[in-house]
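One structure below.
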Amino acid sequence: MTVFLHELRQGRKAFCIWTGAIGFFLAVCVFIFPEMKGEMDALSDTFASMGSFTAAFGMDRLNFGTLIGYYTIECGNVLGLAGAFFAALTGAGLLAKEERGRTADFLLTHPISRRRVISEKLLTLLTEISVLNLVIFLLALGSIAAIGESIPFKDIAHLHLAYYLLQLELGAICFGLSAFLRRGSAGVGLGLAGLTYMMNIIANIAPSVEFLKYITPYAFCDGASIVGEGKLDMIKVGIGLVLGALGIAAAYWKYENKDINQ
Amino acid sequence: MDAIKTAQLTKYYGQVRGIESLDLTVEEGDFFGFIGPNGAGKSTTIRTLLGLIAPSSGSAKVLGMDIGRQREAILKEVAYLPSESAFYPGLRGRDMIALSARLRGRDCAAEADRLCQRLQLDPSKKADTLSFGNKKKLAIVCALQSQPRLLILDEPTGGLDPLMQREFFEILKERHESGATIFLSSHILSEVQRYCSRAAVIRAGELIACDRVESLAKSSARRIVIHGQADLSPLSGLRQLEESEGVISFLYSGEMQPLLAVLSTGQIQDLSVTEPDLEEIFMHFYEKEADPS
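If you're matching them up, the sequences are chains A and B in order.
Residue 286 in the working numbering sits at position 237 of the first sequence, and the numbers go up by one each step.
Residue 567 in the working numbering sits at position 100 of the second sequence, and the numbers go up by one each step.
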């Protein structure tokens, strides 16, 4: 597990910053809920009259006056975007950084198979995403308890599970891309996360491109549907997991046979 | 056993030639020099042997093991020193040394300390802030600490001052005497001539000579230096002819009798006939490329 531990150590600063930042903003959102609660009826009316924009973010199906309605929108913005950026950046950098930083010669001339290097780096990605989400989940529950609201555990757990799966999918796809890249991996990761986010918004607005919901992982993170139906759309989750698995398979296929040039 | 044996080893980068039909044999226990200018294919050969790049065709064995199928087993016995080393950001020298040892699954702390002392390396400094020379020392410690059977060194002395170069070669000689095979690529022909027992010359991706260093020197021309005047026009086999202030110098690869006959008709005050050094041999091989006739 040398590579795994080494990667955890190398990535610990970025991991702490991302976890701290996401946790901080999520907790702040929860802590300001009691103050905003009284104004939410007026806000809900405003949001409900914003046409396509309302549909784009699912605000036509959520009640901002309730904790879960408020949390779903805020969680989507904070955890949905920042968590996806973290997963995409981490996944996209893990393999590419060895060639970019010219450390691939050092690592790959030691008696460790490329398959093992890939596996341990993948384990790092899964561990970081899992720990980040566990910390954020516990922080969210603690924050809700701290403001004296009852915890809608099932809905919160479903929301966090959906965003966890989204991060796994994006992280895995970016990990696969990372095997093909030497430079520019950060841009590719951020670009992919932003693109899939925009695809979901466009699919929400325009029925003619609704098929995009079967491509973007944000579709199975639609808070209004998760809260409304009390479950995740398993077809979309399944497609997402298949895409993630393809990303991982691509990483093994490419990196095991890749020429490491100077 | 052969430490390295390649058969028709070829590597193309798309349409660009890396190495072409390379047949190279390095016996176990050799102190072997691998000579060639930039772009000749030295690094391509080394990277192929280490499994960093896959050959386009041909085969190669290192310590009797196939480079394609037994890469991990090979790397347990081999250490590599790159021409330019890169280290992970934020890690101290001692962290890099320990990481290298852990990747080998061995405790090399005692040997690493000994090497740091001999090379005067402070391993407590951040690796990515070290000077080029100290980075080279750190890479040497990482490579040598595990006491490998085969050392593959790519331009190993770049960045080291002369004292450190001498210490480094002392360490290599000790390793060689204790049974390790040293495979050393270099531009610095004097160090190959001084330390290596055998050498190969690579040109445009092809091996053009491979022999004992003394044999390489003997098989080539003689350096003739004449103080005086002589008409050399009847002679063939002259190269690098230079004349200045009554001194004529040239490389001669023809028969001695015609040379002596020509010189006997001239006005010669002094004459020296010496074996050319490896640098001249190297130039001889490369002049052939420029003028194949």
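Using N, Cα and C, we set each Cβ at its ideal position, and we do this for glycine too.
Specify the secondary structure class of residue i as computed by DSSP and reduced to three states.
{"i": "residue 568 (chain B)", "result": "helix"}
{"i": "residue 537 (chain B)", "result": "coil"}
{"i": "residue 204 (chain A)", "result": "helix"}
{"i": "residue 655 (chain B)", "result": "coil"}
{"i": "residue 297 (chain A)", "result": "helix"}
{"i": "residue 243 (chain A)", "result": "helix"}
{"i": "residue 87 (chain A)", "result": "coil"}
{"i": "residue 59 (chain A)", "result": "helix"}
{"i": "residue 599 (chain B)", "result": "helix"}
{"i": "residue 472 (chain B)", "result": "strand"}
{"i": "residue 309 (chain A)", "result": "coil"}
{"i": "residue 532 (chain B)", "result": "strand"}
{"i": "residue 209 (chain A)", "result": "helix"}
{"i": "residue 143 (chain A)", "result": "helix"}
{"i": "residue 638 (chain B)", "result": "helix"}
Going by the CB atoms, is the gap between residue j and residue i shorter than 8 Å?
{"i": "residue 121 (chain A)", "j": "residue 208 (chain A)", "result": "yes"}
{"i": "residue 142 (chain A)", "j": "residue 218 (chain A)", "result": "no"}
{"i": "residue 132 (chain A)", "j": "residue 205 (chain A)", "result": "no"}
{"i": "residue 163 (chain A)", "j": "residue 263 (chain A)", "result": "no"}
{"i": "residue 113 (chain A)", "j": "residue 181 (chain A)", "result": "no"}
{"i": "residue 672 (chain B)", "j": "residue 507 (chain B)", "result": "yes"}
{"i": "residue 696 (chain B)", "j": "residue 734 (chain B)", "result": "yes"}
{"i": "residue 196 (chain A)", "j": "residue 73 (chain A)", "result": "no"}
{"i": "residue 548 (chain B)", "j": "residue 470 (chain B)", "result": "no"}
{"i": "residue 177 (chain A)", "j": "residue 64 (chain A)", "result": "yes"}
{"i": "residue 224 (chain A)", "j": "residue 297 (chain A)", "result": "yes"}
{"i": "residue 588 (chain B)", "j": "residue 560 (chain B)", "result": "yes"}
{"i": "residue 503 (chain B)", "j": "residue 651 (chain B)", "result": "no"}
{"i": "residue 226 (chain A)", "j": "residue 237 (chain A)", "result": "yes"}
{"i": "residue 691 (chain B)", "j": "residue 662 (chain B)", "result": "no"}
{"i": "residue 569 (chain B)", "j": "residue 51 (chain A)", "result": "yes"}
{"i": "residue 639 (chain B)", "j": "residue 603 (chain B)", "result": "no"}
{"i": "residue 116 (chain A)", "j": "residue 193 (chain A)", "result": "yes"}
{"i": "residue 555 (chain B)", "j": "residue 59 (chain A)", "result": "yes"}
{"i": "residue 530 (chain B)", "j": "residue 551 (chain B)", "result": "no"}
{"i": "residue 267 (chain A)", "j": "residue 246 (chain A)", "result": "yes"}
{"i": "residue 594 (chain B)", "j": "residue 605 (chain B)", "result": "yes"}
{"i": "residue 159 (chain A)", "j": "residue 542 (chain B)", "result": "yes"}
{"i": "residue 689 (chain B)", "j": "residue 678 (chain B)", "result": "no"}
{"i": "residue 749 (chain B)", "j": "residue 680 (chain B)", "result": "no"}
Does residue i pass the burial test, meaning 16 or more other C-beta atoms within 10 Å, or should it be called exposed?
{"i": "residue 306 (chain A)", "result": "exposed"}
{"i": "residue 741 (chain B)", "result": "exposed"}
{"i": "residue 619 (chain B)", "result": "buried"}
{"i": "residue 478 (chain B)", "result": "buried"}
{"i": "residue 596 (chain B)", "result": "exposed"}
{"i": "residue 579 (chain B)", "result": "buried"}
{"i": "residue 533 (chain B)", "result": "exposed"}
{"i": "residue 615 (chain B)", "result": "buried"}
{"i": "residue 302 (chain A)", "result": "exposed"}
{"i": "residue 759 (chain B)", "result": "Low confidence applies here, because residue 759 (chain B) scores a pLDDT of 46, under 50, leaving its location unreliable and the question unanswered by this model."}
{"i": "residue 61 (chain A)", "result": "exposed"}
{"i": "residue 54 (chain A)", "result": "exposed"}
In whole angstroms, what is the alpha-carbon distance linking residue i and residue j?
{"i": "residue 700 (chain B)", "j": "residue 747 (chain B)", "result": "22 Å"}
{"i": "residue 712 (chain B)", "j": "residue 731 (chain B)", "result": "20 Å"}
{"i": "residue 221 (chain A)", "j": "residue 564 (chain B)", "result": "31 Å"}
{"i": "residue 251 (chain A)", "j": "residue 475 (chain B)", "result": "57 Å"}
{"i": "residue 676 (chain B)", "j": "residue 683 (chain B)", "result": "8 Å"}
{"i": "residue 539 (chain B)", "j": "residue 161 (chain A)", "result": "6 Å"}
{"i": "residue 285 (chain A)", "j": "residue 293 (chain A)", "result": "12 Å"}
{"i": "residue 625 (chain B)", "j": "residue 78 (chain A)", "result": "57 Å"}
{"i": "residue 739 (chain B)", "j": "residue 705 (chain B)", "result": "15 Å"}
{"i": "residue 536 (chain B)", "j": "residue 172 (chain A)", "result": "25 Å"}
{"i": "residue 643 (chain B)", "j": "residue 498 (chain B)", "result": "7 Å"}
{"i": "residue 674 (chain B)", "j": "residue 148 (chain A)", "result": "29 Å"}
{"i": "residue 200 (chain A)", "j": "residue 188 (chain A)", "result": "12 Å"}
{"i": "residue 203 (chain A)", "j": "residue 82 (chain A)", "result": "20 Å"}
{"i": "residue 309 (chain A)", "j": "residue 167 (chain A)", "result": "14 Å"}
{"i": "residue 154 (chain A)", "j": "residue 511 (chain B)", "result": "13 Å"}
{"i": "residue 261 (chain A)", "j": "residue 505 (chain B)", "result": "52 Å"}
{"i": "residue 233 (chain A)", "j": "residue 144 (chain A)", "result": "12 Å"}
{"i": "residue 716 (chain B)", "j": "residue 653 (chain B)", "result": "27 Å"}
Is any heavy atom of the ligand GTP found at a distance shorter than 7 Å from the C-beta of residue i?
{"i": "residue 718 (chain B)", "result": "Among the components modelled here there is no ligand, and therefore nothing to report on the ligand GTP."}
> On the three-pair Cβ rule with 8 Å, is the region 114-130 of chain A touching the region 519-531 of chain B?
Replying inline: The region 114-130 of chain A makes no contact with the region 519-531 of chain B: fewer than 3 CB pairs, one atom from each, lie closer than 8 Å.
>> If contact is defined by three or more beta carbon pairs under 8 Å, each pair taking one atom from either stretch, is the region 657-664 of chain B in contact with the region 632-649 of chain B?
In response: Result yes; three or more Cβ-Cβ pairs closer than 8 Å.
>> Residues of the region 532-551 of chain B in Cβ contact with chain D at a cutoff of 7 Å, in chain order, please.
In response: Annotation note: the requested chain D is absent from the structure, which comprises protein chains A and B.
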